[in-house]
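One structure is given below, encoded as structure tokens.
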Amino acid sequence: MLEVEKAVYKNHMVYKTTSTTRSNQFISLIYPVHDVIESYIDIKSLYPYRYRARQSEGSFRSDKEIIFNRESNSASYVNHRSAGKQKTSEISQGTHDPLSVVYYFRTLPIEIGKDIYIDVFDGKKNWSILVQVLKKEQVWTPAGTFNTIKVKPQMKFEGLFVNKGDVYIWFTDDNLRIPVKMESKIKIGNITAMLLEKRLPAP
7 MLEVEKAVYK
17 NHMVYKTTST
27 TRSNQFISLI
37 YPVHDVIESY
47 IDIKSLYPYR
57 YRARQSEGSF
67 RSDKEIIFNR
77 ESNSASYVNH
87 RSAGKQKTSE
97 ISQGTHDPLS
107 VVYYFRTLPI
117 EIGKDIYIDV
127 FDGKKNWSIL
137 VQVLKKEQVW
147 TPAGTFNTIK
157 VKPQMKFEGL
167 FVNKGDVYIW
177 FTDDNLRIPV
187 KMESKIKIGN
197 ITAMLLEKRL
207 PAP
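Under our numbering, the first residue of the sequence shown carries the number 7, and numbering increases by one thereafter.
So this is what it looks like as structure tokens:
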């Protein structure tokens, strides 16, 4: 499930974006999944201020947070499963987190077959991720059927899903480019998150 709502974070107007993934009853017997990921993104710049990922996939457990300091171009990583252990790292000015990069991508000019690079900080390392723009495709979601553009970000870190394999995202093929579906392959099948309602704000 993908959700976006306006909120206030430390006197900044933001988009609070949330990605929730839960396995169905059958898959939960073999490989239970329950991920809740949040990012607080500045409405004007679309750069994140805070990222929190609570992930439970199979036997894996993770609860991490990233606090971005835009004035000092730094980010503090907090591991809530290790007694709140913290580490601060330098980042570039336009660095995103693993969720905010999805919404920032919406604002970029894209063309089928042309790759895009975006800086992302996952809490432990700075990455320049490659996003491949694959093709146009029609997809069904609980919010309706959409004409979309399918992309493949090369995730080499724990992002929207713990699995570091292939991840695909479908954006509406219009000016809003709403992310309506995300999918990641795992050993026993796929993890899929879909848009429930078409009520996301424009960038």
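Ideal placement from N, C-alpha and C gives every residue a C-beta, glycine not left out. Keep in mind that this is a model prediction, so the values were computed, not measured.
Thinking C-beta only, is Tyr-83 closer than 8 Å to Ile-47? no
Asp-41 to Lys-120 span [Cα, whole Å]: 31 Å
Rounded to whole angstroms, what's the CA-CA distance from Pro-148 to Glu-96? Just pull it up for me. 40 Å
Note down, in chain order, each residue of its chain lying with its Cβ closer than 7 Å to the Cβ of Gly-129, except the 5 sequence neighbours on either side. Lys-70, Ile-72, Tyr-83
Counting C-beta neighbours from all protein chains within 10 Å, is the total for Lys-91 16 or more, i.e. buried, or is it exposed? exposed
Glu-117 burial status per 10 Å Cβ neighbour count (16 or more: buried): exposed
Please report how far the alpha carbon of Val-126 lies from the alpha carbon of Thr-101, in whole angstroms. 5 Å
Whole-Å CB distance - Asn-79 paired with Gln-99, under 8 Å assumed: 6 Å
Going by other Cβ atoms of all chains shown within 10 Å of its Cβ, with 16 needed for buried, is Tyr-57 buried or exposed? buried
Those runs of the beta strand (DSSP E) which lie wholly inside the region 71-104 and span at least 3 residues: 80-85, 91-96
Does Ile-122 come out as helix, strand or coil in the three-state DSSP assignment? strand
Just how far apart, CA to CA, sit Lys-131 and Met-19? 27 Å
If distances are taken between C-alpha atoms only, which option among Ser-62, Asn-17, Pro-115 comes closest to Ile-43? Ser-62
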